[in-house]
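Residue numbers (my numbering), protein chains in the order written: chain A, 5 to 227; chain B, 5 to 323; chain C, 5 to 495.
Glycine included, C-beta positions come from ideal geometry on N, C-alpha and C.
Here the structure is a predicted model, which means the values were calculated and not measured.
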């Protein structure tokens, strides 16, 4: 093991915590807690980004960190929370049978992402290179959350988690994408979250619930 | 390295200190819990008095009790003493280090549990059997988590030897290891489950619906019960020392000077005292879980340990 | 620097401003006309741009943001053209929907604004030089259309839109990860990190990109953009989204958006080819072939007219991906031609299918009967369109499929058999369903729909023309694009 500086240790620590929030999201059943956890993930992500900015002297990363904090830790969670309260879903819980398998699957995905990004980590010289695998894992765990859950709100949180992971990937593998791209992505995320809000209302109106399970009318045509 | 005889004497002394102070730890927990719950607490030495009383009492044996039932208390206590001998309490680099392997430790604990469960079944009462089956369920879930934690430790230190690992940790200084944060949390949960503390089991009650450990030793009395109680106190101490050793190794003696040894005793005493306060706070804050939620609790522990292992591999192995 | 570089801006600005304007007045009865006017202006602007590229070669704007070469300029023109004809069709169609009460004026406003917004995102995706912006525009295209798919607010349409949103979101996230990896690889060879995502710069350095990273990036990008192309196994959103949205949207989704996604994929392949050799091509061939076969089999099971043609879209996208995957001049030329003719044919078919559904009052194939008796124009349109899409000579699709088969024969002879069998099975599947719809006994309760068959006629005439004789300038153009993509020219 090579000796690493305190900042690097701190970055790794934070990265591990971000990964942990992803796992926690997979284990969490209550909507309100889910959104709170998601906000924590955004906040941790912002702190990590700011720390990377500090360590690597990349001032524009501060801007990214600020953007993440505003969007992922404050605005979107606030918006989701408001919707959940408005639709009276705060105490809604999800049935999580077989969740132990899901969590094991999540661990397997983490291992998988470690192997996938191995060639990149070997090439990279950045202090954050070890975190690249974590960022891919967060993307994949977000995807897993979307796949295994049946509530619209959870799926949206999963979607946003994937975005978190992608942003994280950009920060740790290349110290952030060019600003114009980052702004574009942030804009897309913002629009997406608004559209999701609109969709909740539509889902509520049309199927009288936010259980995506009820969306089963469109099948291949052998009725 | 000191003279082999002195070293062996020290090892023996350390083990004796270990098993002798185990009831003290149990008493200290009760004290802290009472304080937290605004109750008048018994003396810290109360467990010694209890043990003394039980040793003086006559053993009452069930008619159907076989040799297994009679020998189990000695076996269980024996395995616990052996396990205690393996763990560095005050100092490292003792002759017992040669077998101070974490996997051996897990094996000792499993052996003790195996006989405990058999003894629970031996009499044929329903509570004993129920306790045994529950104990085995908890164990089967806790052991993988424990092993994950062990692997994380041994991968970090490149050794499964507890003493070598501690030496490595002491030398690498203060390093923020994400793996250890998760592993510490996971190991704490395993310790809570394995030593039958709240919220998994309540050591203070004999409620038929909830008891696990107490169910198995319900038929024991007198000397046998004393041995069992003592063994379980040692077990608690083993976990506490293990957590203190791995995650806060500082202060343990690495040389055999008197000063270092005294410092070692003081350090481990302080660490254990703190750890117990933490445990008591957790216990006071949580309600007993329903039995079928215990697997969830242990799954979380397993997950934490697994995460620890993963984050070690991903984040800490320098490439 | 090309003096015509600035002519790209009108192509992007007109639809963007149009979207804003229609956001304000899209609910009025004249909005349909305004929509047509904006689309026509965009089309004109794109023609001017094409002329500039034709005369002066590839152009790069001074900021480096936009890069237009023979490959994307022809797609730009195609996009604006289909955008225009679909706008013409949509005026009558949406008025009809209003009259039937399926949409109210508020939704009409949304529809018109988003129609132009959608065109803008597609044009941006085509014109941009920055691969990050390409991703942003692709995601933007999803966002713009997702509310259009659920425009009718029926449970089915909301379900379709939700699936579309989530599946495409998940898929395209992989593409962003791929883009990050690409940026990572590029940063190591391109000194100025602000240029490291510019396609024109990347292309110049393509041979020096790290193969391991590029391989990984390509797989992620293939999965991501492949989802939007509708490649099996990530195609589930496509039939739903196409069948539940309003027909003009189905037409532009199928005719244009899939093309744009494929365009992105081909651009990435061009970057990956120098370092990875045959791997990208073979991956694309594999996915293309799989999509083709699965879609062909699913064609037979459809009960909904728009779903039927959605699967046909998957089939043809599979063919094109397969063609680009083979590489080489002939296959690339065939795939480019196929992109064009499929786009024109498929949008005209969706328009006709929309009319047919209006006449029957349902999209269920079992309830659509005897179109040739009730409204001959629609019946003939459907028949001819289906004949064209199935690859009957003398339509353009026959030409492109023939070229594709010839190319397959040259390089992968044993793959010709499954292709041929697949095409025959697809033909059977389509005609088995279409024949009763066109010739069968008309069911009671049919109503007369206000049709606008002009776009259909124009599209089909163009496809016929391309099948009989490809005009010299167009052939030259395809040839240029082929040269860009495959490195060798056909003519």
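Query raised in the report: Does the beta carbon of residue 37 (chain A) sit closer than 8 Å to a beta carbon anywhere in chain B?
Result: no
Query raised in the report: With 16 as the cutoff for other CB atoms within 10 Å, does residue 327 (chain C) come out buried or exposed?
Result: buried
**Report entry** residue 258 (chain C) (DSSP reduced to helix, strand or coil)
**Finding:** helix
Query - Residue-level contact to chain A via CB, residue 253 (chain B), 8 Å cutoff - result: no
Query raised in the report: For residue 155 (chain A), which of helix, strand or coil comes out of DSSP?
Result: strand
Query raised in the report: Say the cut is 7 Å; is the CB of residue 79 (chain A) nearer than that to a heavy atom of the ligand COA?
Result: Absence of the ligand COA is noted for the structure shown, with no ligands found whatsoever.
Report task. Per DSSP, which residues does residue 83 (chain C) bridge with? Please list them. Result -> BP columns for residue 83 (chain C) are empty, so no partner.
Report task. Using a Cβ-Cβ cut-off of 8 Å, state whether residue 202 (chain A) counts as contacting chain C. Result -> yes
Query raised in the report: How would you list, in chain order, the residues of chain A whose beta-carbon sits under 7 Å from the beta-carbon of residue 315 (chain B)?
Result: 20 and 23
Query - Closer than 7 Å at the beta carbon, the chain C residues around residue 211 (chain A) - result: 159
Report task. Quick one: give me the first and last residue of the alpha helix (DSSP H) that residue 209 (chain A) is part of. Result -> 183–211
**Report entry** Coarse secondary structure for residue 23 (chain B), derived from DSSP in three states
**Finding:** helix
Requested in this report: Please classify residue 139 (chain C): is it buried, with 16 or more other beta-carbons within 10 angstroms of its beta-carbon, or exposed?
Outcome: buried
Report task. Please work out which residues of its chain come closer than 7 Å, Cβ to Cβ, to residue 87 (chain B), disregarding the five sequence neighbours upstream and downstream, and give them in chain order. Result -> 109, 112, 113 and 242
Query raised in the report: Do the CB positions of residue 350 (chain C) and residue 388 (chain C) come within less than 8 Å of each other?
Result: no
Query raised in the report: Rounded to a whole number of angstroms, what is the C-alpha to C-alpha distance between residue 205 (chain A) and residue 143 (chain A)?
Result: 27 Å
Query - DSSP-derived helix/strand/coil call for residue 222 (chain C) - result: helix
Requested in this report: Specify, as a first and last residue, the run of the alpha helix (DSSP H) that residue 108 (chain C) falls within.
Outcome: Segment: none, residue 108 (chain C) is in no alpha helix (DSSP H) and carries neither H nor E.
**Report entry** Backbone secondary structure at residue 308 (chain C) - three-state DSSP
**Finding:** strand
Query - Nearest residue (CA-CA) to residue 82 (chain A), options A:219, A:187 and A:37 - result: A:37
Query raised in the report: Quick one: does residue 307 (chain B) have its CB under 8 Å from some CB of chain A?
Result: yes
Query raised in the report: For residue 325 (chain C), does the three-state DSSP call read helix, strand or coil?
Result: helix
**Report entry** Test: residue 188 (chain C) CB closer than 8 Å to a CB of chain A
**Finding:** yes
Query - Continuous alpha helix (DSSP H) stretch holding residue 293 (chain B): start and end - result: Run containing residue 293 (chain B): none; DSSP gives neither H nor E here.
Query - Reduced DSSP category for residue 257 (chain B) - H, G, I as helix; E, B as strand; rest coil - result: strand
Requested in this report: Return the CA-CA distance between residue 179 (chain B) and residue 124 (chain A), expressed in angstroms with no decimal places.
Outcome: 26 Å
Query raised in the report: In the structure shown, what three-state DSSP assignment does residue 71 (chain C) receive?
Result: strand
Report task. Kindly list the residues whose CB is nearer than 8 Å to the CB of residue 368 (chain C), restricted to its own chain and excluding five residues on each side of it in sequence; keep chain order. Result -> 307, 308 and 309
Report task. Could you tell me which residues DSSP pairs with residue 64 (chain C) in its beta bridges? Result -> C:71
Report task. Starting from the C-beta of residue 14 (chain C), find all residues in its chain whose C-beta is less than 6 Å away, skip the five residues before and the five after it, and write them out in chain order. Result -> 49
Requested in this report: Within the same chain, show all residues whose beta-carbon is closer than 8 Å to that of residue 324 (chain C), passing over the 5 residues directly before and after it, in chain order.
Outcome: 266, 292, 339, 342, 343 and 346
Report task. Could you name the residues of chain A that residue 186 (chain B) contacts, counting a contact when the two beta carbons are closer than 9 Å? Result -> 20 and 24
Report task. Please list, in chain order, all residues of the same chain as residue 237 (chain B) whose beta carbon is under 6 Å from its beta carbon, the five residues on each side excluded. Result -> 26, 27 and 30
Query raised in the report: Using 8 Å as the Cβ pair cut-off and three pairs as the minimum, do the segment 31–47 of chain C and the segment 166–175 of chain A touch?
Result: no
Query raised in the report: For residue 99 (chain B), which residues of its own chain have a beta-carbon under 8 Å away from its beta-carbon, when the five flanking residues on both sides are left out?
Result: 8, 11, 12 and 15
**Report entry** Assigned secondary structure, residue 486 (chain C) (DSSP; H/G/I helix, E/B strand, else coil)
**Finding:** helix
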